[in-house]
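J.: What follows is a single structure, and I will ask about it in a moment.
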Amino acid sequence: MKQIIISEGYLVSFWVPICEGYIIPEKYRGLNLNNHDSVVKLINDYLVPMARKYKSKSWHYFFKETLRYAINFWSNERLINIYMGVLPEIPPPQSKYIKMKDFYLLIWTGMYPNEECVVYTPELYKEVPSVEIGSF
C-alpha cells in the first residue's frame, strides 16, 4: 500500500493566519481560547475559511491526514509546540480548560464535520520533516 505522508509543516501552515505579523481581524484578536465558544468562533469563522480559500487540494489532503494522525498519536506537548512555533497573536487555551488534543479535534470538526478522526492503519503513515513537504 502507498504511504501517507504527514508533516508538522501542514499544521504550522494552518496556524499562519494568527501568527505574529499577520493582519488578524480585530474581532478575533481578543478571543479567550479557554472559552469553548471562542475557540469554535476562531476556528469555524476565521481559520477554516482561510484554509479553504487559500490552500490547494493537495495541501488539504496532507493537512487532513497529518491532523488525523496528530490527534490520535502526538502528545499535547507536541501539539502546543506546533501552535506556539508560529508565535501566535492569540494565546493557546490552558490545559485545565481545553486540552490541546481537544483544541485540534475542534479543527477537525470544523474542517471535516461528517468524517471520523480515526487512524486504522498507522503503519501506512510516514512523517517527513517540514522542509521536505514540497518534495514528494
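The sequence shown lines up with residues 1 to 136 when you count with full-length UniProt numbering. A virtual CB, placed ideally from N, CA and C, is assigned to each residue, including glycine. In this text the structure is predicted, and so the values were computed from the model without any measurement.
Which runs of the alpha helix (DSSP H) at least 4 residues long sit entirely within the region 90–128? Give them in chain order.
T.: Runs of the alpha helix (DSSP H) inside the region 90–128: 100–111.
J.: Excluding the 5 residues preceding and the 5 following residue 11 in the sequence, name in chain order all residues of the same chain whose CB lies nearer than 7 Å to its CB.
T.: Correct list, in chain order: 66, 67, 70 and 82.
J.: Return the CA-CA distance between residue 135 and residue 54, expressed in angstroms with no decimal places.
T.: Here the model assigns residue 135 a pLDDT of 44, short of 50, so the residue's position is not dependable and the matter cannot be decided.
J.: With C-beta atoms as the reference, is residue 17 less than 8 Å away from residue 61?
T.: Taking 8 Å as the Cβ cut-off, residue 17 and residue 61 do not qualify as a contacting pair.
J.: Can you name the start and end residues of the alpha helix (DSSP H) that residue 82 belongs to?
T.: Per DSSP, residue 82 belongs to the alpha helix (DSSP H) from 76–84.
J.: Taking only the alpha-carbon atoms, compute the straight-line gap between residue 121 and residue 26 and give it to the nearest angstrom.
T.: Using only the alpha carbons, I get a separation of about 42 Å.
J.: Measuring CB to CB, does residue 90 end up less than 8 Å from residue 42?
T.: Cβ distance < 8 Å, so residue 90 and residue 42 count as in contact.
J.: Please report the distance separating the alpha-carbon of residue 85 from that of residue 9.
T.: Cα to Cα, residue 85 sits roughly 11 Å from residue 9.
J.: For residue 103, count the other beta carbons within 10 Å of its own beta carbon; 16 or more makes it buried, fewer makes it exposed. Which is it?
T.: So residue 103 ends up on the buried side.
J.: Could you check the C-alpha separation between residue 6 and residue 98 for me, to the nearest Å?
T.: Rounded to whole angstroms, residue 6 to residue 98 spans 25 Å at the Cα level.
J.: To the nearest angstrom, how far is the alpha carbon of residue 44 from that of residue 75?
T.: So the two alpha carbons sit approximately 24 Å from each other.
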